[in-house]
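For the sequence shown, the residue numbers in the numbering used here are 1 to 400. Glycine included, every Cβ here is placed at the ideal spot set by N, Cα and C. Here the structure is a predicted model, which is why all the values come from computation and not from measurement.
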Amino acid sequence: MVEHVAGRPFVAGRGSRNEATRRHNLSTLLSLVHHGNGVSRADLTRTTGLNRSTIGLLVADLVAAGLVAESAPATGSVGRPSPIVVPDPDVVAVAINPDVDAVVVGIVGLGGVVHATTRVEQDAIPSVDEVVAAVAAAVSVLTQGRSWRVVGAGVAVPGLVRAREGAVARAPHLLWSGEAVAAPLEAALGVPVAVDNDANAALVAETLFGAARGRRDVIYLNGSVSGIGGSILTDGTVVRGADGFAGELGHTLVRPDGEQCHCGRVGCLETEVNLQRLERAAGEAGIDHAHVSASLGSGSDELAAEVEHQIDTLALATGSFVSIFNPEAVLLGGFLSALQARQPARFAEALGEAVFAPLGERLEIVRAELGDELLMVGAAELAFADLLADPLGAEVPTPS
Ligand SMILES: [Zn+2]
Numbered sequence: 001m002v003e004h005v006a007g008r009p010f011v012a013g014r015g016s017r018n019e020a021t022r023r024h025n026l027s028t029l030l031s032l033v034h035h036g037n038g039v040s041r042a043d044l045t046r047t048t049g050l051n052r053s054t055i056g057l058l059v060a061d062l063v064a065a066g067l068v069a070e071s072a073p074a075t076g077s078v079g080r081p082s083p084i085v086v087p088d089p090d091v092v093a094v095a096i097n098p099d100v101d102a103v104v105v106g107i108v109g110l111g112g113v114v115h116a117t118t119r120v121e122q123d124a125i126p127s128v129d130e131v132v133a134a135v136a137a138a139v140s141v142l143t144q145g146r147s148w149r150v151v152g153a154g155v156a157v158p159g160l161v162r163a164r165e166g167a168v169a170r171a172p173h174l175l176w177s178g179e180a181v182a183a184p185l186e187a188a189l190g191v192p193v194a195v196d197n198d199a200n201a202a203l204v205a206e207t208l209f210g211a212a213r214g215r216r217d218v219i220y221l222n223g224s225v226s227g228i229g230g231s232i233l234t235d236g237t238v239v240r241g242a243d244g245f246a247g248e249l250g251h252t253l254v255r256p257d258g259e260q261c262h263c264g265r266v267g268c269l270e271t272e273v274n275l276q277r278l279e280r281a282a283g284e285a286g287i288d289h290a291h292v293s294a295s296l297g298s299g300s301d302e303l304a305a306e307v308e309h310q311i312d313t314l315a316l317a318t319g320s321f322v323s324i325f326n327p328e329a330v331l332l333g334g335f336l337s338a339l340q341a342r343q344p345a346r347f348a349e350a351l352g353e354a355v356f357a358p359l360g361e362r363l364e365i366v367r368a369e370l371g372d373e374l375l376m377v378g379a380a381e382l383a384f385a386d387l388l389a390d391p392l393g394a395e396v397p398t399p400s
């Protein structure tokens, strides 16, 4: 499996007659076109430092492979108009996100464009076999009558993933333990399948197409009904750890005398900073999941106190992460983003107190912005990794 490297500098290799250099340059060009969802030839020349004729030859190779197309330049531009190189809209990946109550399946094109999604509701927590069946049926419906060329599938799983093995070590909410996931999906779909933790996939998506675009050192924390997911990007690479499980930030200890966590321990961050606790504090008023931040400000004194407790606790834990990793940004998603948005000054002050000062001076707090498409784009990126690494080496169905 190819490791994703976000925001890597696009330094072109020299000497177009060398095959390895050519492949490297094709990878660079396709990655730029994908991540920009279209880039002018002039910008490709400027970014890579390659000359115009070399760019022309490389683009022609990508056009011949059916990976990109050239469109007419915008009229009225100053100087000589430069054609825009855009991803071929028919090159797509299948994106898959299994959860406790549904399996979400999408078709995502190069450029991070979500063409279609469907949510396959489940009566009970789905097994891997049930997910495979749901995905196969959904893909068959979504691709009916389309000229899409599917290069692979990516699966974003809420749990501990052995990405290299395409297996889930443990997904507590799905009740999966030691399950092969890539192999049965490959058998059903007939394309390569890559699997990763959902927070890792989400962080990569936000780094390429969302709020953390272009950043190389980011701590990501996402809050949902299932708890807190985390992922760490350092020097452009997702931190994996010895087993591939690094980044379980929701299970860092914040309160030794706290509540029982579903991971089997006590006082984890996600037991203190917790959506169900907010809902209990809100009482009958409840929390509107589509407008969490507004709901958090319109309730009782009990809710206000719980909100402040959770903001302070989140800031305290985030301070530890900042001290360890020295990120340029902390990216908050889900209800964590809503909590911070409720009282940004309180969060900033509590975080400032929790961080060794020089580490906080440049630190930015940003909110995830890809919304409903986040995990679809992230899962698709897993599937595009091999194609982007070696555009002419990966298996892409030829255009018909
Ligand atoms: Zn825990």
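Name the one or two DSSP bridge partners that residue i has.
i: Asn-51; result: None, per the DSSP bridge assignment.
i: Leu-221; result: Gly-230, Leu-332
i: Leu-160; result: Arg-170
i: Arg-149; result: Val-91
i: Asp-196; result: Ala-156
i: Gly-210; result: Its beta-bridge partners do not exist; DSSP assigns none.
i: Ile-365; result: Val-330
State buried or exposed for residue i, treating a residue as buried only when at least 16 other CB atoms are found within 10 Å of its CB.
i: Val-141; result: exposed
i: Ala-72; result: exposed
i: Asn-51; result: exposed
i: Phe-356; result: exposed
i: Pro-9; result: Residue placement at Pro-9 is poorly supported in this model, since its pLDDT is 49, which falls under 50; the coordinates still yield a value, given next. Classification for Pro-9: exposed.
i: Ser-40; result: buried
i: Arg-342; result: buried
i: Arg-49; result: Correcting the residue identity first, residue 49 is Gly in this sequence and not Arg. By the neighbour-count rule (16 or more Cβ atoms within 10 Å), Gly-49 is not buried but exposed.
i: Ile-324; result: exposed
i: Gly-286; result: exposed
i: Glu-121; result: exposed
i: Ser-27; result: buried
i: Gln-276; result: exposed
i: Asp-301; result: exposed
i: Leu-57; result: exposed
i: Asp-288; result: exposed
i: Gly-178; result: exposed
i: Ala-421; result: It is not possible to answer for residue 421, since the shown part of the chain is limited to 1 through 400.
i: Ser-337; result: buried
i: Asp-123; result: exposed
i: Pro-344; result: exposed
i: Pro-184; result: buried
i: Ala-383; result: buried
Can you tell me the Cα-Cα spacing of residue i and residue j, whole angstroms?
i: Pro-126; j: Leu-249; result: 26 Å
i: Val-295; j: Leu-375; result: The residue you asked about is not Val; residue 295 is Ser in the sequence shown. Whole-angstrom Cα-Cα distance: 25 Å.
i: Thr-117; j: Glu-353; result: 43 Å
i: Glu-284; j: Asn-274; result: 18 Å
i: Val-238; j: Thr-207; result: 11 Å
i: Val-292; j: Asn-326; result: 29 Å
i: Asp-198; j: Arg-46; result: 35 Å
i: Asp-405; j: Glu-19; result: The chain is shown only over 1 to 400; residue 405 falls outside these bounds and no answer can be derived.
i: Ala-317; j: Arg-22; result: 46 Å
i: Met-1; j: Ala-188; result: Bear in mind that a pLDDT of 37 at Met-1, under 50, signals an unreliable position, so the number given afterwards is only what the model happens to contain. Answer to the nearest angstrom: the Cα atoms are 20 Å apart.
i: Arg-170; j: Cys-263; result: 10 Å
i: Leu-253; j: Leu-269; result: 6 Å
i: Arg-265; j: Pro-256; result: 9 Å
i: Pro-192; j: His-173; result: 26 Å
i: Val-168; j: Val-128; result: 10 Å
i: Glu-306; j: Leu-278; result: 7 Å
i: Ala-368; j: Glu-328; result: 15 Å
i: Ile-107; j: Ile-311; result: 37 Å
i: Ala-205; j: Thr-54; result: 30 Å
i: Leu-44; j: Glu-349; result: 43 Å
i: Pro-158; j: Ala-202; result: 11 Å
i: Leu-332; j: Ala-64; result: 41 Å
i: Asn-25; j: Ala-394; result: 15 Å
i: Val-33; j: Val-195; result: 24 Å
i: Val-105; j: Arg-119; result: 6 Å
For residue i, which of the options has the nearest alpha-carbon?
i: Gly-166; options: Val-330, Val-181, Val-238, Gly-227; result: Val-181
i: Phe-391; options: Asp-61, Arg-41, Ala-42, Thr-48; result: This sequence places Pro at residue 391; Phe is not what is there. For Pro-391, the nearest C-alpha among the options comes from Asp-61.
i: Val-135; options: Arg-162, Ala-102, Val-161; result: Ala-102
i: Leu-314; options: Glu-302, Ser-298, Asp-288, Arg-346; result: Arg-346
i: Gly-223; options: Glu-364, Gln-340, Thr-54; result: Gln-340
i: Thr-398; options: Asn-37, Gly-66, Ser-226, His-115; result: Gly-66
i: Pro-83; options: Leu-174, Val-59, Ala-183; result: Val-59
i: Gly-111; options: Glu-308, Ala-69, Ala-138; result: Ala-69
i: Glu-381; options: Gly-152, Glu-259, Asp-372; result: Gly-152
i: Leu-30; options: Trp-148, Tyr-220, Asp-88; result: Asp-88
i: Ala-93; options: Val-85, Val-113, Val-86; result: Val-113
i: Leu-233; options: Leu-221, Phe-384, Asp-243; result: Leu-221
i: Ala-212; options: Ser-231, Asp-90, Ser-226; result: Ser-231
i: Leu-175; options: Leu-370, Val-131, Asp-90, Val-105; result: Val-131
i: Glu-364; options: Val-396, Val-322, Ala-385, His-115; result: Val-322
i: Gly-229; options: Thr-271, Leu-303, Arg-280, Val-377; result: Thr-271
i: Ala-246; options: Gly-236, Gly-38, Cys-261, Arg-162; result: Arg-162
Does residue i get closer than 8 Å to chain D when you measure Cβ to Cβ?
i: Ala-136; result: Going by chain labels, chain D is absent from the structure shown, which holds only one protein chain.
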